[in-house]
Structure formats: C-alpha cells, structure tokens
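Read through the structure below, which is laid out as structure tokens, and then see the notes.
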Amino acid sequence: MRKTLHIYNTLSKKVEDFKAHDDPIVRMYTCGPTVYHYAHIGNLRSYIMEDVLEKALNYDDYKVKRVMNITDVGHLTSDADEGEDKMVKGAEREHKTVMEIAKFYENAFFDDCRKLNIKKPETVVPATSMVDEFIRVIGVLIDKGYAYKAGGNIYFDTAKLDNYYVLSNQKEKELLEGVRDDVEVDSNKKNKTDFVLWFTKSKFENQQLKWDSPWGTGYPGWHIECSCISMKNLGEYLDIHCGGVDNIFPHHTNEIAQSEAYLGHKWCNYWFHVQHLNDQTGKMSKSKGDFLTVSVLEEKGYNPLCYRLFCLQSHYRKPLLFTFDALDNVKNQYSKLLSRVASLNKAQGGIDHDQFNVYKSRFLDALMNDLNTSDALTVLYDVLKSPLNDATKYALVEDFDKVLSLSLTAEDTRAHSPAAEKQADDDLKTFVEEKLKERTDARKARDFAKADAIRDELAAHGVTIKDTREGTTWTLQ
RNA sequence: GGCGCAGUAGCCAAGUGGUAAGGCAAUGGUCUGCAACACCAGUAUGCGCCAGUUCAAAUCUGGCCUGCGCCUCCA
Numbered sequence: 084m085r086k087t088l089h090i091y092n093t094l095s096k097k098v099e100d101f102k103a104h105d106d107p108i109v110r111m112y113t114c115g116p117t118v119y120h121y122a123h124i125g126n127l128r129s130y131i132m133e134d135v136l137e138k139a140l141n142y143d144d145y146k147v148k149r150v151m152n153i154t155d156v157g158h159l160t161s162d163a164d165e166g167e168d169k170m171v172k173g174a175e176r177e178h179k180t181v182m183e184i185a186k187f188y189e190n191a192f193f194d195d196c197r198k199l200n201i202k203k204p205e206t207v208v209p210a211t212s213m214v215d216e217f218i219r220v221i222g223v224l225i226d227k228g229y230a231y232k233a234g235g236n237i238y239f240d241t242a243k244l245d246n247y248y249v250l251s252n253q254k255e256k257e258l259l260e261g262v263r264d265d266v267e268v269d270s271n272k273k274n275k276t277d278f279v280l281w282f283t284k285s286k287f288e289n290q291q292l293k294w295d296s297p298w299g300t301g302y303p304g305w306h307i308e309c310s311c312i313s314m315k316n317l318g319e320y321l322d323i324h325c326g327g328v329d330n331i332f333p334h335h336t337n338e339i340a341q342s343e344a345y346l347g348h349k350w351c352n353y354w355f356h357v358q359h360l361n362d363q364t365g366k367m368s369k370s371k372g373d374f375l376t377v378s379v380l381e382e383k384g385y386n387p388l389c390y391r392l393f394c395l396q397s398h399y400r401k402p403l404l405f406t407f408d409a410l411d412n413v414k415n416q417y418s419k420l421l422s423r424v425a426s427l428n429k430a431q432g433g434i435d436h437d438q439f440n441v442y443k444s445r446f447l448d449a450l451m452n453d454l455n456t457s458d459a460l461t462v463l464y465d466v467l468k469s470p471l472n473d474a475t476k477y478a479l480v481e482d483f484d485k486v487l488s489l490s491l492t493a494e495d496t497r498a499h500s501p502a503a504e505k506q507a508d509d510d511l512k513t514f515v516e517e518k519l520k521e522r523t524d525a526r527k528a529r530d531f532a533k534a535d536a537i538r539d540e541l542a543a544h545g546v547t548i549k550d551t552r553e554g555t556t557w558t559l560q
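Heads up: the first sequence at position 273 corresponds to 356 in the numbering used here, and the numbers run straight through without jumps.
Structure below.
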C-alpha cells in the first residue's frame, strides 16, 4: 500500500509531496563522518533520523539505494591555533598514521551505528579511494569554464552560476567574510564565495596525504568528494541528499554548484536536513572538548537504544535539548515498553489481518507526514492498549520495529546498558543464592526484620533483588 | 547585519480552523509483609506576547519577544 511521503525540502522551504525520479527506486546520499575522532551523540542524531527515513521509504515499498562517504582526507580544522588537517591532528594525538586513524574511527563509527540499530548503507566510500575521479571532474569543470587556477590552487567560480544561493537564500552582499576570527581571508579568490577544488599550496605544512594531479601535487577540497561519490555511485539524478543543518551553507550549496555545473542539469530534488542536538551550552560540538559518545552513555548505564527512542520521540526538524533527566525519563519509558511487549503471548489467537492493516495504515500515515516519529510511537501505544489479541499486537509491534528499530521483540534487550552490567563471579553467585534461600525461609516464617536485613546486606554488595510472582530475582549493578 | 529552524503542562510531544492525543516523572488508589513490578484514577479555561480575520484560532494574517544554528571545521 503505497502512500505519498510529505517531506520538508530545504530547497523550497516547504513540505512537498515526494516523487522519486525513477520510482520505485529512491537514490539517497548521506554526508558521512569525518573520521578523526569518535562521533558524539549529536552527530548520531542525524544518522538515526536518516536511518528512519530510509526505513520508512522501504516500509512504503520503495527500494532505497543509499550511499555514504567517509571523509578521510582534506577537512581543515580550526580548533587549533594554526590549522592542520583534521586527520593529521587525530593521527598526532593518537601516535598513528593517518590511514590507521581513519580506519580506526570509521570502525568506531559503524560500531556506534550498530548499537543504535542504524543500518549501514550498502555503499560506503572513503574519499581517499576516489581521488582519480575528483581529478577527472575538476578537469571537466575547468574545461567548461567553471573553475580557475589562482595562487597554485584550483577554485570554483561561483559567479558563473545564475542561482548559486538556491539552497540557502543568502544574498552575496549580506554575507560576512571571516565571521569567525579563526578564518583567514583567501586573497586568491575572485568572489568571496568561491571555494577550492584542489589544493597544491597548503597553508598546512604537515599535510601528509598528497596525490599527483595535472595542477601539481596536492589534495582535494572538501566539497568535491560528496558530489563525485554520489554521481559515480547513484548517477546523474539524485532523489534525496541528507545531512545536518550546519551543512546547508556552504557545503551543500557548493555541492549543488559543482554538480550542476558538471552535469548541466538539475541534480538533486530533495534536501533533508536534521536539526541539532543541543546541551545547556548550545550545540554539541567536538571543538568544545568534552562531548558525549555512545560509549559514555553505556558506561553511565544506558542502553544506547534509549537514546534512539529519545530521538524518535522528537521531530527531526526541531532543535532537541539533551539532559540526563530527559534521558532517565526515556530509560523508564523504554524499560516499560519492553516489558509490555515481552508480556505478549504471541501464540494467543490468530492474526486479525483487517485490524493489522488498520493500525499499519495509521503508522504509515504518521511516518509519511514528514516523518512524524513521535506520532508513530503513539500508534504503537495505541496497539498495546487496544482490545486486539496478543498475536495481532505482537505482529504489529514486530512490523513497526522494522522502522523504529528499537529491538522491541529481541529477547535480550534491556533498558540499562548490558556493558554496564557487571558479571558476578562464582563466589558471589553462591553467596547470593545462599542468602536468598535464607531470606525466603525467613519470609515464610514471617520474620520480616531478618528478611530486610538480608536485603540490606546484599545491597551492600551491589545486589538488587526483586520479589516477583515467580520468585526472587537479582541483578548486580 | 543577512539567512534558516523552533517556542503547547516538570520533561518529550501530537495537533494543519470546530473547542488541548500519547509517553515519562510527580500525586492518589488496588495488589502482594515492606520495597520494587504491574494495574486503575485524576492532572493545561491553557498552546511565547500583542493585535486582526472568523460564528469559531494552538491552528490563518500582521507585528513583536525569546532560544538555537549557519554566513568557508562541524551532523
């Protein structure tokens, strides 16, 4: 049952009806991570919402082809006094070679994704693997008159375009140059929005990764990789390009400029941007030093999927404020949700297909309404509260989880972090089992003072107990 | 200075002109010795502010206020 996706398009600043260029195939490109450090949970908010978008489209019977780049070269940094390539900086910090560090953090990134149930795009391309293609495309741009050489570097001439600002609505005369004091003004540029396609004159002396090119030994500018990787793998017509809002200008604006200059026609129809995760001081940022990673959440005892639920409860176009109080709320919510699903007897009754489709349709409506994940979760709660039999409820939960990806029906999921759960050694196990037996006897004898004393004693060993209908259980925290 | 996103209960949040969904927390209750779990109940005369349009506005229009982001590192 195909429904129309209503999706906000940064290009038009409006919610539009989505139409794939080559229905039912959807070609989707995502700006991937710069692999010089761990991703923080704010970065991951974008990837979670892009994951939901991909899965929602597949749920709506599209076939999504998705490509992501890995930026392992060329991004300059400004969080040091005198810039260095980010990769070089990371390598120095970790005493490793640039390529080792890139691989290390790429693996770390996909590890985080796996913990958050973010599906890895089928095509992932490191920028360093496609430098030949960057050089070829830059050559074409020069031949077509869109690029010029100055001061040893190749620049894109933004004045050659009629509508450079389509995406951002900026006006050239209003743009401030060097708004941030750490940015140097480049006197080689003809226009202040021109950007470098190929560097041979690096202001960074210890640039380690270099390639030969017709314009001299150097390295690519930081916009060209996304255009080339996308066009090479997804062709001349892109349906959806994703990224965080901070990429709109200049990165995505420049991608449009160079791609359409190269192709000679419109390139991408829909631009999907995810708002930032903020903390009390504003946007979460690696430059600020301390930042929250998935590992930190795990160490603090949260299952990473609590964070995924936290994001799904909000809307991708709304700024979201992160606090541990808020995450604690969601941890409770997630825990309750899991136990409600776990209590379902999936063998009870047959699946009521009519009702299944009614709820499925409501769930899809929520997603198709500009990815209203918060409303989609409400449909999930409505299912759990409904008078449907357990078999039907379970089937619906399983179905919804194709998009939500909260591991709702996985047997071993817990709201607290499995990584934070300590393993009890055999001695402690024996000790606890003995004490519990003693306590059970005391309770039978209605000697509650003794029973409570034993509970306190176990608590002192970090053991928490729970009396359930099936007997007493315990966990070590 | 310009451009963009947002502002609904303690927190997250739905709502797209017809009289405020849902979740978490807190509160009261039921249940088992007590905890915990589970379940039940009620919880915004109000939707940043001020005008306007309308029989009717959180929803439309105008103005303003506040927060966040971008303007060559960033998701």
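For every residue, glycine included, the Cβ atom is placed at its ideal position computed from N, Cα and C.
TYR229 is a Cβ neighbour of ASP240, given a cutoff of 8 Å.
Judged by beta-carbon spacing, ILE124 lies beyond the 8 Å limit of LEU489, meaning their Cβ atoms are not closer than that value. If you compare the alpha carbons of LYS275, ASN274, PRO303 and LYS273 with that of LYS284, the shortest gap goes to PRO303.
Shown here, THR211 sits in a helix according to DSSP, grouped into three states.
In chain order, ALA459, VAL462 and PHE483 place their CB closer than 7 Å to the CB of PHE446, counting only its own chain and leaving out the 5 sequence neighbours on each side. Listed as beta-bridge partners of THR558 by DSSP are THR547.
The DSSP-derived three-state label of ARG85 is coil. Boundaries of the alpha helix (DSSP H) around ILE131: 124-142. In the DSSP assignment, ARG110 falls outside any alpha helix (DSSP H) and lies within the beta strand (DSSP E) extending over 108-113. Distance from the CA atom of TYR248 to the CA atom of ASN92, rounded to whole angstroms, is 15 Å.
The Cβ neighbour count for ALA430, taken over all protein chains shown within 10 Å, is under 16; the residue is labelled exposed.
Counted as a single uninterrupted DSSP element, the alpha helix (DSSP H) harbouring HIS436 occupies residues 436-451. Going by C-alpha positions, ASN246 is about 23 Å away from ILE312. Put simply, the backbone Cα of LYS401 is about 31 Å away from that of ASP277. Nearest Cα to TYR417 within the set SER95, LEU404, ASN386 and SER444: ASN386.
Excluding five sequence positions before and after GLY115, the CB atoms of its chain that fall closer than 6 Å to its own CB belong to MET151, ASN152 and ILE153, given in chain order. In the DSSP annotation of this structure, the continuous segment of the beta strand (DSSP E) that includes LEU321 starts and ends at 321-327.
THR336 counts as buried, since at least 16 other C-beta atoms from the protein chains shown sit within 10 angstroms of its C-beta. Sorting ALA543, TYR442 and VAL486 by C-alpha distance to the C-alpha of THR475 places TYR442 at the top.
Each residue's CA atom was taken as its position, placing VAL220 and ASN316 some 14 Å apart.
The beta carbons of ARG110 and LEU321 sit closer together than 8 Å.
Around the beta carbon of GLY234, fewer than 16 other beta carbons lie within 10 angstroms, which makes this residue exposed. Counting every other CB atom within 10 Å of its CB across the protein chains shown gives TYR464 a total below 16, marking it as exposed. By the neighbour-count criterion, in which a residue is buried when 16 or more other Cβ atoms sit within 10 angstroms of its Cβ, VAL480 is buried. The beta carbons of LEU467 and ARG423 sit about 5 Å from each other, so the pair counts as a contact at 8 Å. In this structure, LEU127 sits near ASP195, with a CB-CB distance shorter than 8 Å. Between VAL328 and HIS359, the C-beta spacing is below 8 Å. When secondary structure is reduced to three states using DSSP, ALA528 falls in the coil class, being assigned neither helix nor strand.
Collapsing the DSSP output to three states places TYR385 in a strand.
DSSP, read as helix, strand or coil, puts ASP155 in coil.
If you look at GLU99, you'll find it in the beta strand (DSSP E) that goes 97-100.
The beta carbon of ILE331 sits closer than 7 Å to those of THR93, LEU250, SER251 and HIS356, all from its chain and outside the five residues before and after it, given in chain order.
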